[in-house]
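Asks:
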Amino acid sequence: MKTLNVIGAGKVGTVLAKNFIERQVFSGQQVMNRSLPSSQAAVDWLGAGAAVDDLHHMQPADVTMLTVTDDQIVPLCAAMAEAGLLHAGSIVFHCSGAKASTELQAAIAAGAAVASVHPVRSFADGKAIASQFAGTICSVEGDAHALAVLLPALQAIGAQTVEISADSKLLYHAGSVFASNYLVTLMETALRSYQAAGIPAAVAQQMAAPLARQTLDNVFAMGTAKALTGPIARGDMQTVALQQKMVAAWDQAAGDLYQAFTPLTQAVAARRHSEK
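Numbering (UniProt numbering), first residue to last: 1 to 276.
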């Protein structure tokens, strides 16, 4: 069984490592976080491996997973190479949605195979996700040798794997940002709009929740065009213009957001009418 080191064992790192270890895909070797107590807490939850807090205390592993912030990937990979943790035949992969495997140049120079693995899922509650990981889509790209190991490893823990191009990572990840991160921002703006109109916060949530949930259900059941309702779908552009002006008077950033959504929504509405 191949050994696994984890550097940056936060929510994503521990969820993947937990599944790899429990299903005996990889054996947990070492975990490194910024502090030894943090590393030890991760090891305790994983139930395998040894905690370290410095690269010079790590031993080379067959597979190393970097689940760190995007701006740490390149310098960390270079530091690993300098510490002698990379060699021909070893595999290094990171879990950034936006960065490609080509960011791991120091590993490539050392003869290691590289890849990126991005689970398309919200990790707000990491421990809950760990037991519900099966069925998660993981977008993967990288060297043939790395993928020959990682694709079956991911499939062994129940992931659905989709191979993508390294050149399209930023655009691909933008889809996840729109579907998840910006959706939160949009709901925050909606709730603030209700409250600015005098609706109590608790009631605003009661208003928004069924609208948001039903709309998302409709999108995935009927498609975006058929799910669209409201003034733009009806062609009430005078209402849209008046509303945008009112929103901008209340909050300029929210007004700009409303205005930015208008032509995109008009395009969806046009498709809706053409599909009738």
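Where a beta carbon is used, it is the ideal one built from N, C-alpha and C, also for glycine.
Here the structure is a predicted model, which means the values were calculated and not measured.
Could you check which residue in Ala-128, Gly-158 and Ser-116 has the C-alpha nearest to that of Thr-136?
Replies: In the sequence shown, residue 136 corresponds to position 136, counting from 1. Taking only the C-alpha atoms, the option nearest Thr-136 is Gly-158.
Asks: Contact defined as beta carbons within less than 8 Å: I believe Met-58 pairs with Gln-30. What is the distance between those atoms, to the nearest angstrom?
Replies: For the purposes of this step, residue 58 is taken as residue 58 along the sequence shown, with counting starting at 1. For the purposes of this step, residue 30 is taken as residue 30 along the sequence shown, with counting starting at 1. About 5 Å; that satisfies the 8 Å criterion.
Asks: Return helix, strand or coil for Phe-220, following the three-state DSSP convention.
Replies: As a first step, residue 220 must be located in the sequence shown, where it is residue number 220. Residue state, collapsed to three classes: helix.
Asks: Under three-state DSSP, which class holds Ser-116?
Replies: Translated into positions along the sequence shown, residue 116 becomes position 116. DSSP places Ser-116 in strand when its eight states are reduced to three.
Asks: Tell me, which residues are paired with Met-65 by DSSP?
Replies: Position 65 of the sequence shown, counted from the start, is the residue given in the question as residue 65. Val-6 and Phe-93.
Asks: Let me confirm a value: Ser-96 is counted as buried when at least 16 other C-beta atoms fall within 10 Å, else exposed. Which label applies?
Replies: Along the sequence shown, one-based indexing puts residue 96 at 96. Under this definition Ser-96 is a buried residue.
Asks: When you compare only the Cα positions, how much space is there between Tyr-258 and Gln-252?
Replies: Translated into positions along the sequence shown, residue 258 becomes position 258. Translated into positions along the sequence shown, residue 252 becomes position 252. Cα-Cα distance, rounded: 10 Å.
Asks: Kindly indicate the opening and closing residues of the alpha helix (DSSP H) around Ile-157.
Replies: The residue you call residue 157 lines up with position 157 of the sequence shown. Segment: none, Ile-157 is in no alpha helix (DSSP H) and carries neither H nor E.
Asks: Could you name the residues of the same chain whose beta carbon sits closer than 6 Å to that of Asp-143, not counting the 5 residues immediately before and after it, in chain order?
Replies: On the sequence shown, residue 143 is found 143 positions in, with the first residue counted as 1. Ala-113 and Val-114.
Asks: Hey, out of Val-149, Ala-79, Val-219 and Lys-226, whose CA is closest to Asp-62's CA?
Replies: Position 62 of the sequence shown, counted from the first residue, corresponds to residue 62. It is Val-149.
Asks: Does the Cβ of Phe-26 have 16 or more other Cβ atoms within 10 Å, making it buried, or fewer, making it exposed?
Replies: Sequence index remark: in the sequence shown, residue 26 carries index 26 (1-based). That one is buried.
Asks: List the endpoints of the continuous beta strand (DSSP E) containing Gln-30.
Replies: If you number the sequence shown from 1, residue 30 lands on position 30. Looking at the DSSP string, the run of the beta strand (DSSP E) that includes Gln-30 is 26–32.
Asks: How big is the Cα-Cα spacing for Arg-213 and Ala-156?
Replies: For the purposes of this step, residue 213 is taken as residue 213 along the sequence shown, with counting starting at 1. For the purposes of this step, residue 156 is taken as residue 156 along the sequence shown, with counting starting at 1. Answer to the nearest angstrom: the Cα atoms are 32 Å apart.
Asks: With distances taken Cα to Cα, identify the nearest neighbour of Ala-267 among Gly-28, Arg-234, Asp-256 and Gln-132.
Replies: Indexing the sequence shown from 1 puts residue 267 at position 267. Measuring from the Cα of Ala-267, the nearest candidate turns out to be Arg-234.
Asks: By a C-beta neighbour count over all protein chains shown, 10 Å radius and 16 as the cutoff for buried, is His-273 buried or exposed?
Replies: Taking the sequence shown and counting its residues from 1, the one referred to as residue 273 is at position 273. Classification of His-273: exposed, given that the 10 Å Cβ count is below 16.
Asks: For Val-140, write down the residues that DSSP places opposite it in a beta bridge.
Replies: Taking the sequence shown and counting its residues from 1, the one referred to as residue 140 is at position 140. Answer is Val-117 and Glu-163, bridged to Val-140.
Asks: For Thr-189 and Asp-217, what's the separation of their Cα atoms in angstroms?
Replies: The count along the sequence shown starts at 1 and reaches residue 189 at position 189. The count along the sequence shown starts at 1 and reaches residue 217 at position 217. Roughly 21 Å between the two C-alpha positions.
Asks: DSSP state of Ala-51, grouped into three classes?
Replies: Locating residue 51 in the sequence shown gives position 51, where the first residue counts as 1. The answer is strand: DSSP assigns Ala-51 an E or B state.
Asks: Based on Cα-Cα distance, which residue from Arg-23, Asp-256, Trp-45 and Ser-35 lies nearest to Met-11?
Replies: Walking along the sequence shown from the start, residue 11 turns up at place 11. According to the sequence provided, residue 11 is Lys. The question's Met does not apply to it. Nearest C-alpha to Lys-11: Trp-45.
Asks: Using 8 Å as the cut-off, can you tell me whether the region 196–210 makes contact with the region 114–132, which would need three or more C-beta pairs spanning the two stretches below that distance?
Replies: Too few Cβ pairs lie closer than 8 Å, so no.
Asks: For Leu-85, which of helix, strand or coil comes out of DSSP?
Replies: Counted from its first residue, the sequence shown places residue 85 at position 85. Of the three classes helix, strand and coil, the one that applies to Leu-85 here is coil, per DSSP.
Asks: State the start and end residues of the unbroken alpha helix (DSSP H) segment that holds Thr-229.
Replies: The residue labelled residue 229 in the question sits at position 229 within the sequence shown. Where Thr-229 is concerned, there is no enclosing alpha helix (DSSP H), given that its DSSP letter is neither H nor E.
Asks: Along the chain, where does the alpha helix (DSSP H) containing Lys-127 start, and where does it finish?
Replies: As a first step, residue 127 must be located in the sequence shown, where it is residue number 127. Per DSSP, Lys-127 belongs to the alpha helix (DSSP H) from 126–130.
Asks: Give me the Cβ distance between Ala-107 and Ala-81, rounded to the nearest whole Å; I'm assuming they're in contact under 8 Å.
Replies: Your numbering for residue 107 matches position 107 in the sequence shown. Your numbering for residue 81 matches position 81 in the sequence shown. With a Cβ gap of about 7 Å, Ala-107 and Ala-81 count as contacting.
Asks: Could you give the DSSP three-state label for Ala-174: helix, strand or coil?
Replies: One-based indexing of the sequence shown puts residue 174 at position 174. Looking at Ala-174 - three-state DSSP - the assignment turns out to be helix.
Asks: Could you work out which residue in Ala-270, Ala-146 and Val-140 is closest to Ala-88 when comparing CA atoms only?
Replies: Within the sequence shown, the letter at position 88 stands for residue 88. Ranking the options by Cα distance to Ala-88, first place goes to Ala-146.
Asks: Going straight from the alpha carbon of Pro-75 to that of Ala-225, what length do you get?
Replies: For the purposes of this step, residue 75 is taken as residue 75 along the sequence shown, with counting starting at 1. For the purposes of this step, residue 225 is taken as residue 225 along the sequence shown, with counting starting at 1. Near 44 Å, if we compare the C-alpha coordinates of Ala-225 and Pro-75.
Asks: Measuring only the C-alpha atoms, how far is Ile-129 from Glu-22?
Replies: Locating residue 129 in the sequence shown gives position 129, where the first residue counts as 1. Locating residue 22 in the sequence shown gives position 22, where the first residue counts as 1. So the two alpha carbons sit approximately 14 Å from each other.
Asks: Could you please give the first and the last residue of the uninterrupted alpha helix (DSSP H) stretch that includes Leu-191?
Replies: For the purposes of this step, residue 191 is identified with residue 191 of the sequence shown, where counting begins at 1. That run of the alpha helix (DSSP H) goes 182–196.
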